[in-house]
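A.B. asks: So that we are looking at the same thing, I have put the structure below in C-alpha cells.
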Amino acid sequence: MKFEQILGQKEIKERLIQSFVNNRLSHAYLFFGIAGSGKLGLAIAFAQYLSCTDKQEKDSCGQCLSCKKYEKLIHPDLHFVFPVITESGKKKISDAFISEWRELIQNDVYISYNEWMQHLGSQNKQGIISVDESAEIIRKLSLKSYESEYKIMIIWLPEKMNNSCANKLLKILEEPPHNTVFILVSDERESVLPTILSRTQAVKILGIDDDIMQEYIIKNFNLNTQEAADIVKISNGSYVEAKKQILASEENKFNLQQFIRFMRFTYSRNIAEALQWADEMAKIGREAQKNFLKYSSILIRENFVYNFKNNNIYYLTKEEEEFASKFAKFLNNNNVNEIVKVFDEAYFHIERNGMARIIFTDIAFLVMRVIKK
Ligand SMILES: [Zn+2]
Numbered sequence: 001m002k003f004e005q006i007l008g009q010k011e012i013k014e015r016l017i018q019s020f021v022n023n024r025l026s027h028a029y030l031f032f033g034i035a036g037s038g039k040l041g042l043a044i045a046f047a048q049y050l051s052c053t054d055k056q057e058k059d060s061c062g063q064c065l066s067c068k069k070y071e072k073l074i075h076p077d078l079h080f081v082f083p084v085i086t087e088s089g090k091k092k093i094s095d096a097f098i099s100e101w102r103e104l105i106q107n108d109v110y111i112s113y114n115e116w117m118q119h120l121g122s123q124n125k126q127g128i129i130s131v132d133e134s135a136e137i138i139r140k141l142s143l144k145s146y147e148s149e150y151k152i153m154i155i156w157l158p159e160k161m162n163n164s165c166a167n168k169l170l171k172i173l174e175e176p177p178h179n180t181v182f183i184l185v186s187d188e189r190e191s192v193l194p195t196i197l198s199r200t201q202a203v204k205i206l207g208i209d210d211d212i213m214q215e216y217i218i219k220n221f222n223l224n225t226q227e228a229a230d231i232v233k234i235s236n237g238s239y240v241e242a243k244k245q246i247l248a249s250e251e252n253k254f255n256l257q258q259f260i261r262f263m264r265f266t267y268s269r270n271i272a273e274a275l276q277w278a279d280e281m282a283k284i285g286r287e288a289q290k291n292f293l294k295y296s297s298i299l300i301r302e303n304f305v306y307n308f309k310n311n312n313i314y315y316l317t318k319e320e321e322e323f324a325s326k327f328a329k330f331l332n333n334n335n336v337n338e339i340v341k342v343f344d345e346a347y348f349h350i351e352r353n354g355m356a357r358i359i360f361t362d363i364a365f366l367v368m369r370v371i372k373k
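This is the structure we're talking about:
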C-alpha cells in the first residue's frame, strides 16, 4: 500500500517520511485518533516505505520486490497483531487468522473493530489480544530480518490487549531489537494501558478533510454533490462512518422503491404482482427484510402525520415527501393503525425465523383488505 492510496493526511505523510530522511525514526509509534481516518493504511504505507529499496521523494516506489510483497501483505518482515476470537481448532493468535485479515484489508483498509469481528463471523464474541500473542511477538522479533533492513510490527487496536500480554511486552517495547519498528494503531487511546502508552511516541491522526472525502465519495459511489455533502457533514472525517451512511442511504432508496411498489399493487389489488413481490422479498436476506418492515412501519406513520401539513412534525427525505404528497391521503384514522400493525407483526415473525415468502404474501393480502377503508 502506497501513501498515495490513503485519503488526504498530507501533513502526516510528510512528517513520517521526514522522520526517516532525518534519521529520527522512533522504535515505537502510537497512531491514534477516530476510527476511519486512515491510521491503519498509514501504518502499512509507512512500513512499505521503510522497506522499499527504491524510495521516492514522497512515497514508496510500488515496483520493487519489497513493495510487491507489501502489496499482498506477505512481506516476511511485516507482522500484524490484531484482536482475535476463540475459535475451535485455532490458536488464539493473529497468525491463525491472517488469511481472513489479508482478505479484508486488501479489499478495504478503512475498517472498524465491528467490521473485523463481523468478518470473523463472531457471534457476540469479544476480540482480544491475549498473552499467547506476546510470546509470538517476542519470538518473531528475535529472529533476524529476512529480506528487509526493517522489521515492522503493526499492532492494530492495542486497547484490546489484556494486562498479561501488555506486561510481557514492556521490555521489548522499550528496547526492541535493532531496526525494529512498532506501529500501534489505536481508535481509543484512553483505553490503552498506561504502561504501553508511556513507551510509545504518540502521533495524532486527524479526520479526513471534508473536501477530500467529498470528492472521493462522489467519484466512487455515484452520489450527487448535495448527497455527498450531507454524508460528509455527519461523518466527521471518518471514512468508516461515511461508508455506513452511504449504505444506509442506498438501503433507504431500495426500501422506498419496494414500499411504493407494494402500495400500488395492494391498492389496485394486483394479486399476481403481490405474489411476485413476496417471492423477491423472500430472497433479500433476513436483516434486509427486517429493515424494510421497520422502514415501512415508520413511513406509514410519517405519511399519516403528513396529512396535517405541518413541517415540524414529520421527517421525510425529498423523495419520500414526493411520494407522500400523492399517497398520504389514502391513510386515515380507520386504516392507519391496522396497516402499521400488519408490518410490525410481520417484523416479529421474520425475527423469529418465520417463512419469509408466506409472511410477505400475508402482508400484501392483509393490506389489500384495509387500504380502502
Ligand atoms: Zn519499492
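Read the sequence shown against the working numbering and you will find it ends at 373, with the numbers running on by one and no gaps.
Glycine included, every Cβ here is placed at the ideal spot set by N, Cα and C.
Predicted, not measured: the structure shown is a model, and the values here were computed from it.
(1) For the stretch 33-46 and the stretch 94-111, state whether three or more C-beta atom pairs, one from each stretch, are separated by less than 8 angstroms.
(2) Beta-carbon within less than 6 angstroms of Y295's beta-carbon, same chain only, minus the 5 sequence neighbours each way: which residues are those?
(3) By Cβ distance, which residues of its chain are closer than 6 angstroms to V336, with the 5 residues on each side in sequence left out?
(4) Residues in its own chain within less than 7 angstroms of I359 by CB, not counting five upstream and five downstream?
(5) Between D59 and P177, what straight-line distance do the alpha-carbon atoms span, to the nearest angstrom?
(6) Closest to K68 by CA distance: which of M1, W101 and V181 is it?
(7) Helix, strand or coil, according to DSSP, for K204 in the structure here?
(8) DSSP has S249 in a bridge; who is on the other side?
(9) Would you grab the beta carbon distance between I205 and K39 for me? Rounded to a whole angstrom, and I think it's under 8 angstroms.
(10) In this structure, what does DSSP give as the bridge partners for T180?
(11) Is I300 near ligand 2, judged by its Cβ being under 6 angstroms from some heavy atom?
(12) Would you mind working out which of I93, S142 and S164 sits nearest L193, comparing C-alpha positions?
(13) Can you tell me the Cβ-Cβ gap for G8 and I155, rounded? I've got them flagged as a contact below 8 angstroms.
(14) Considering Y49, what are the terminal residues of the alpha helix (DSSP H) in which it resides?
(15) Is the Cβ-Cβ distance between F31 and V203 less than 7 angstroms?
(16) Applying the criterion that 16 or more other CB atoms from any shown protein chain within 10 Å of the CB defines a buried residue, is V21 buried or exposed?
(17) My assumption, with CB atoms under 8 angstroms, is that L50 sits in contact with V181. Please give the rounded CB distance.
(18) State yes or no: is the beta carbon of R102 nearer than 7 angstroms to at least one beta carbon in chain C?
(19) Say the cut is 6 angstroms; is the CB of D54 nearer than that to a heavy atom of ligand 1?
(20) Using three-state DSSP, classify H349 as helix, strand or coil.
(21) Excluding the five sequence neighbours on either side, which residues of its own chain have a C-beta within less than 6 angstroms of the C-beta of I183, listed in chain order?
(22) Could you check what DSSP says for V84 in three-state terms: helix, strand or coil?
(23) Count the other C-beta atoms from every protein chain shown that fall within 10 angstroms of the C-beta of T361, then say buried if there are 16 or more, exposed otherwise.
(24) Verify the contact flag: C67, CB atom, against every heavy atom of ligand 1, threshold strictly below 6 angstroms.
(25) Considering only residues of the same chain and omitting the five flanking positions on each side of C52, which have a CB-CB separation below 7 angstroms?
(26) Taking the continuous beta strand (DSSP E) assigned at F31, which residues delimit it?
(27) Give the DSSP-derived three-state secondary structure of L78 in the structure shown.
(28) Under a three-way DSSP split, which group does V109 fall into?
(29) Is the stretch 131-142 in contact with the stretch 90-98, if contact means three or more CB pairs nearer than 8 angstroms?
(30) Using C-beta distances below 7 angstroms, list every residue in its chain close to Y381, excluding the 5 sequence neighbours before and after it, in chain order.
(31) On the criterion of 16 or more Cβ atoms from any shown chain inside 10 Å, does A324 qualify as buried, or is it exposed?
(32) If you draw a straight line from the C-alpha of F357 to the C-alpha of E87, how long is it?
(33) With DSSP collapsed to three states, give me the class of I358.
C.D. replies: Answer, in terms of the structure:
(1) Contact holds: three or more Cβ-Cβ distances are below 8 angstroms.
(2) Result list for Y295: N255, in chain order.
(3) Scanning its chain for C-beta atoms nearer than 6 angstroms, with the 5 sequence neighbours on each side dropped, one finds around V336 the residues F304, in chain order.
(4) So the qualifying residues of the chain are A346, H349 and I350.
(5) Those two C-alpha atoms are separated by around 26 angstroms.
(6) Closest by C-alpha distance to K68, out of M1, W101 and V181, is M1.
(7) Here K204 sits in strand by DSSP.
(8) DSSP, once it has assigned bridges, lists no residue as partnering S249.
(9) At roughly 5 angstroms, the Cβ-Cβ gap stays under 8 angstroms, so I205 and K39 are in contact.
(10) Paired residues: K151.
(11) Ligand 2 is not among the ligands present in this structure, which contains only ligand 1.
(12) When the alpha-carbon of L193 is set against those of I93, S142 and S164, the nearest one is in S164.
(13) That pair is no contact at about 24 angstroms.
(14) K39 to S51 is the span of the alpha helix (DSSP H), which, as asked, contains Y49.
(15) Yes. Within cutoff.
(16) By the neighbour-count rule (16 or more Cβ atoms within 10 Å), V21 is not buried but exposed.
(17) Approximately 7 angstroms separates the beta-carbon atoms of L50 and V181; this is inside 8 angstroms, confirming the contact.
(18) This model lacks chain C altogether, as it is built from one protein chain only.
(19) Under cutoff, so the answer is yes.
(20) If DSSP states are grouped into helix, strand and coil, H349 belongs with the helices.
(21) Excluding positions up to five away in sequence, the list reads Y29, A43 and I154.
(22) Three-state DSSP puts V84 in a strand.
(23) Around the C-beta of T361, 16 or more other C-beta atoms lie within 10 Å, and the residue is accordingly described as buried.
(24) Because some heavy atom of ligand 1 lies under 6 angstroms away, the Cβ of C67 counts as near it: yes.
(25) Cβ neighbours of C52 beyond the five flanking positions: S60, C61, C64, S66 and C67.
(26) F31 -> beta strand (DSSP E) spans A28 to F32.
(27) L78: strand per DSSP, three-state reduction.
(28) Coil, per DSSP.
(29) Note that the stretch 131-142 touches the stretch 90-98; at least 3 beta-carbon pairs, one per stretch, sit closer than 8 angstroms.
(30) Because the chain here runs from 1 to 373, residue 381 falls outside it and cannot be looked at.
(31) Buried.
(32) It is Arg, not Phe, that sits at residue 357 in the sequence shown. If you take the alpha carbons of R357 and E87, they lie about 34 angstroms apart.
(33) Looking at I358 - three-state DSSP - the assignment turns out to be helix.
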